[in-house]
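See structure below.
Number of protein chains: 2
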Amino acid sequence: MRGMKKVISSIKGIDERIMRKAQTRLDSLTKPPGSLGRLEELARVIAGITGKAMPRLNEKVIFTLAADHGVCAENISAFPSDVTVQMVGNFLKGGAGINVLAGHIGARVVVADLGVKSDFAPRFSKKLKRKKVNFGTRNFILGPAMSRGEAVRSVQNGIDIFEEELDRGIDIIGTGEMGIGNTTASSAIAACITRTDPSETAGRGTGLGDKALQHKITVIRKALEVNRPDPGDALDVLSKVGGFEIGGLAGIMLAAASRKVPVVLDGFISGAAALIAVGLQPKVKEYMIASHCSVERGHKVILEYLGIDPVLNLDLRLGEGTGAALGIFIAEAATKILTGMATFQQARVSERKSP
Amino acid sequence: MRGMKKVISSIKGIDERIMRKAQTRLDSLTKPPGSLGRLEELARVIAGITGKAMPRLNEKVIFTLAADHGVCAENISAFPSDVTVQMVGNFLKGGAGINVLAGHIGARVVVADLGVKSDFAPRFSKKLKRKKVNFGTRNFILGPAMSRGEAVRSVQNGIDIFEEELDRGIDIIGTGEMGIGNTTASSAIAACITRTDPSETAGRGTGLGDKALQHKITVIRKALEVNRPDPGDALDVLSKVGGFEIGGLAGIMLAAASRKVPVVLDGFISGAAALIAVGLQPKVKEYMIASHCSVERGHKVILEYLGIDPVLNLDLRLGEGTGAALGIFIAEAATKILTGMATFQQARVSERKSP
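First to last, the protein sequences are chains H and X.
Number 57 in the working numbering belongs to position 57 of the first sequence; there are no gaps in the numbering.
Take the position in the second sequence, starting the count at 1, then add 355; the result is the number in the working numbering.
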């Protein structure tokens, strides 16, 4: 396994030369130049990421990382925190939204425990990646959610999860998560790193009413005051107001970028993890594709900060990697356009008149 | 085969009772209520359209209809009009964008000639549906594009194409087209029916520059002045400034609605056909799902007029049914959520706390 620092330093910018090559081919295909819009842009970017002019995305993997959040003690979620462990069981049995959508696109789901507050029965052993950093974070309105060492370990565990799956093949990944309370942690991360007021990064999560939302904002504000995370130090932010699954996802993003694998971001929590990953290595941003913009309002703040535009308009707010699954399918469509269409010459179709 | 009037009168509103049943199931699934946003809305609507609480969309069909436009004589397109027949050849050989994307989603493509200006070689016989109404429309700045009888025939031919495919199975359809010059016809239809100035319904088509766009707007304005189509009479609009593939698509939409099959609209030209179909039978609107909003600016005008929101954000402007193909995949994802996810009870996951 490679260490975090080595992975971070091995990430290079995406391949501009291959992108130009892909563009030349896109312009030779039987369609008005540019008429497939963002599909063409995605095809070009995926060529640049993979370093292949004719990329194929056969092996699709959704990483769904779970962990619990001590801040649930402040009553910031519409669901009890037992739901985290129950939903992990549901993922492993194949009954959750992400299982359905991953099946729809032909992706495999890798489920990992980064810090669920209870232990899993041994019968789950085969299907669950056990990468627990601790039994849930601490309540971050009282002090840091985790130690700096735990923050590093969560990122490293994410890297390890990715690397362990390499042998089975990975051509593109989606990021997903489950963790009751994690929109609160993500709102705090987003507020800190994008320097936005918590009232603009906090949303209703799994379904808070107006009053409960106000309370959540107060909790986030207090957490930031108590911990004073340094926006310029991603590990400091992660340790003070983050979560183990968020650190894990950041690690997966870094590992993917270092292996030239496109990263399709899911929703708000993936966005918060992306802020951590980009904080550790700005170049990782070039490897990211945004699948959708969540109803969770802070997601828009994050996507604007990162400067990436989502492809789907579906008002999702489930997480798990559900939006990422659909985004992967669109990315695959884009590469098939690049590799599967006939050129004007092959099809003997007349080209454009001179403009 | 059923006649147009019979098809139109057989269309009923979608099934509200089944929609409520689908909603009850959606709310019992292991996710916060409503958290899959528009996927849940799509699932509910598709249940209502099909009359099935657990709909399955196995047989997916894209109808790609081609025809030529006499108004090309006015030099309103960036591509020569020979491209229509050449691209039909490309569809039949499988090299076009729609072939790639239909393959990606597991749909079959039905290609039909509704009014291409040249004949097709007999070798195409097996794959091409020959439903030619005439060899291209007339130049509509000089008078009507077609006779009223031809307008009726184009709609009827669309109905026939759909009905002929029924035996092979149709669970959901996408609408597509090919016809150099057809954004000009569609802009004229949209301007007339939505009562919007042509400067707001005309766009760059396959790639016009600023000057050419101004010329296109002038041509549309003249066509509307010369022909004075009656916005309240869809067949009058179709005959005066429409196209054979547009009439055919309207017929396909009507036939689909009468058979309780969801219609996924592609881009601008499909939108113009939708205006004609809705003009003939307002209830057909309930069967329509918008896949994307085209870069072609008149499309937004049409979608707002119809009051339907697109699911994809991809800046497409190719047509052929490419956006519809991706939209069908999202619709299928929605039905799989409805039919494939575990309930809270099945998965033994705790439900929401009382709000």
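Ideal placement from N, C-alpha and C gives every residue a C-beta, glycine not left out.
Residue closest to residue i, alpha-carbon to alpha-carbon, out of the options
i: Val109(H); options: Gly321(H), Ala342(H) and Ser350(H); result: Gly321(H)
i: Val83(H); options: Ile76(H), Asp68(H), Gly94(H) and Lys93(H); result: Asp68(H)
i: Ala628(X); options: Pro617(X), Lys640(X), Ala605(X) and Ala457(X); result: Ala605(X)
i: Lys129(H); options: Phe135(H), Leu114(H) and Ser118(H); result: Leu114(H)
i: Arg297(H); options: Gly232(H), Phe329(H), Gly203(H) and Val278(H); result: Gly203(H)
i: Arg523(X); options: Leu673(X), Gly603(X) and Ala462(X); result: Ala462(X)
i: Thr694(X); options: Asp382(X), Lys361(X) and Ile363(X); result: Asp382(X)
i: Ala357(H); options: Leu275(H), Val71(H) and Met288(H); result: It is not possible to answer for residue 357(H), since the shown part of chain H is limited to 1 through 355.
i: Val400(X); options: Ala686(X), Ser705(X) and Lys708(X); result: Ala686(X)
i: Lys708(X); options: Arg56(H), Ala43(H), Asn75(H) and Leu39(H); result: Asn75(H)
i: Glu164(H); options: Leu326(H), Ile276(H), Ala333(H) and Ala256(H); result: Ala256(H)
i: Thr343(H); options: Lys21(H), Leu29(H), Met19(H) and Ala22(H); result: Leu29(H)
i: Asn512(X); options: Leu420(X), Val704(X), Thr690(X) and Gly536(X); result: Leu420(X)
i: Arg56(H); options: Phe120(H), Ile172(H) and Tyr305(H); result: Ile172(H)
i: Gly504(X); options: Phe495(X), Ile496(X) and Asn489(X); result: Asn489(X)
i: Asn58(H); options: Asn413(X), Asp474(X), Lys481(X) and His459(X); result: His459(X)
i: Ser364(X); options: Val704(X), Ser613(X) and Arg493(X); result: Ser613(X)
i: Gln345(H); options: Ile514(X), Asn445(X), Asn454(X) and Asp474(X); result: Asn445(X)
i: Gly176(H); options: Leu42(H), Ala347(H) and Gly97(H); result: Gly97(H)
i: Phe244(H); options: Ala223(H), Lys21(H), Ile269(H) and Val61(H); result: Ile269(H)
i: Ile246(H); options: Gly181(H), Ala223(H) and Gln86(H); result: Gly181(H)
i: Arg348(H); options: Gly358(X), Lys376(X) and Gln441(X); result: Gln441(X)
Beta-carbon contacts of residue i that lie in its chain and below 7 Å, excluding the five residues immediately before and after
i: Pro584(X); result: Cys547, Asp591, Val592, Lys595 and Val596
i: Lys260(H); result: Ile49, Thr50 and Gly51
Burial state of residue i (16 or more Cβ within 10 Å)
i: Ala428(X); result: exposed
i: Glu225(H); result: exposed
i: Ser35(H); result: buried
i: Pro122(H); result: exposed
i: Gly371(X); result: The question names Gly, but residue 371(X) is Glu in the sequence shown. With fewer than 16 other Cβ atoms within 10 Å, it is exposed.
i: Met696(X); result: buried
i: Thr379(X); result: exposed
i: Pro637(X); result: exposed
i: Lys6(H); result: exposed
i: Ser81(H); result: buried
i: His542(X); result: The amino acid at residue 542(X) is misidentified as His; the sequence shows Ser. Under this definition Ser542(X) is a buried residue.
i: Gly209(H); result: exposed
i: Arg38(H); result: buried
i: Met1(H); result: exposed
i: Gly603(X); result: buried
i: Gln214(H); result: exposed
i: Ser480(X); result: exposed
i: Gly205(H); result: buried
i: Gly232(H); result: exposed
i: Lys566(X); result: exposed
i: Ser147(H); result: exposed
i: Arg550(X); result: exposed
i: Arg153(H); result: buried
i: Gly307(H); result: exposed
i: Gly358(X); result: exposed
Rounded distance between the beta-carbons of residue j and residue i, thought under 8 Å
i: Leu316(H); j: Gly271(H); result: Their Cβ separation, rounded to whole angstroms, is 13 Å, which puts Leu316(H) and Gly271(H) out of contact at 8 Å.
i: Ala112(H); j: Phe63(H); result: 7 Å
i: Leu521(X); j: Lys31(H); result: Not really, about 31 Å apart at Cβ, beyond 8 Å.
i: Ile11(H); j: Gly174(H); result: That belief does not hold up - the Cβ atoms of Ile11(H) and Gly174(H) are roughly 19 Å apart, past 8 Å.
i: Ile170(H); j: Ser199(H); result: With a Cβ gap of about 39 Å, Ile170(H) and Ser199(H) do not count as contacting.
i: Leu456(X); j: Ala680(X); result: 4 Å
i: Ala433(X); j: Gly562(X); result: 4 Å
i: Leu348(X); j: Ile514(X); result: Residue 348(X) is absent from the model: chain X starts at 356 and stops at 710.
i: Val656(X); j: Thr556(X); result: 5 Å
Cut-off 8 Å between Cβ atoms - residues of its own chain near residue i, not counting five sequence neighbours on either side
i: Leu658(X); result: Gly626, Ala645, Cys648, Asp664 and Pro665
i: Gly498(X); result: Val581 and Asn582
Per DSSP, the bridge partner or partners of residue i
i: Lys415(X); result: Ile527(X)
i: Asp588(X); result: Paired residues: none, contrary to the question.
i: Met178(H); result: Ala66(H)
i: Lys484(X); result: Ala467(X)
i: Ala645(X); result: Leu620(X)
i: Thr549(X); result: Thr549(X) pairs with nothing; no bridge assigned.
i: Leu384(X); result: Thr698(X)
Same chain only: Cβ atoms within 6 Å of residue i, ignoring 5 sequence neighbours per side
i: Ile369(X); result: Gly403, Ile404 and Glu641
i: Gly678(X); result: Asp621, Gly622, Ser646, His647 and Leu671
i: Gly634(X); result: Ala589
i: Met608(X); result: Val618, Ala632 and Val639
i: Lys472(X); result: Asp423, Phe490 and Gly491
Test: residue i CB closer than 8 Å to a CB of chain A
i: Ser350(H); result: You won't find chain A in this structure, because its protein chains are H and X.
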